[in-house]
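Structure first, commentary second.
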Amino acid sequence: MIPASFEYRAPKSLEETLDLLHQHPGEARVLAGGQSLIPLMKLRFAQPKMLVDLQHVPGLSYLREEEGFLKVGA
């Protein structure tokens, strides 16, 4: 099935990301990989009006070891 139409935004900063989420409360969903959200959208169980992709936001996408733990960012 094809998802309902939505606006796609790819902010380049944390400030821009927070502004988008603040300006579109209840309408915007964060896209951080999409393994869970995209299948739900295809089945129309989730129909956000806007997707805010975190891929290009510095500091939100990482995989690193700290103090013996693996930390995973969005």
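Residues in the sequence shown are numbered from 1 upward in steps of one, following full-length UniProt numbering.
Idealized CB from N, CA, C, for every residue including glycine.
Note that the coordinates shown come from a computational prediction; the quantities given were computed from them, not determined experimentally.
- The Cβ neighbour count for MET41, taken over all protein chains shown within 10 Å, is at least 16; the residue is labelled buried.
- Shown here, LEU60 sits in coil according to DSSP, grouped into three states, outside any helix or strand.
- Under the three-state reduction of DSSP output, GLU7 falls in the strand class.
- A residue is called buried once 16 or more other Cβ atoms fall within 10 Å of its Cβ, and PRO48 is buried on that count.
- Here ARG29 is buried, its C-beta having at least 16 other C-beta atoms within 10 Å.
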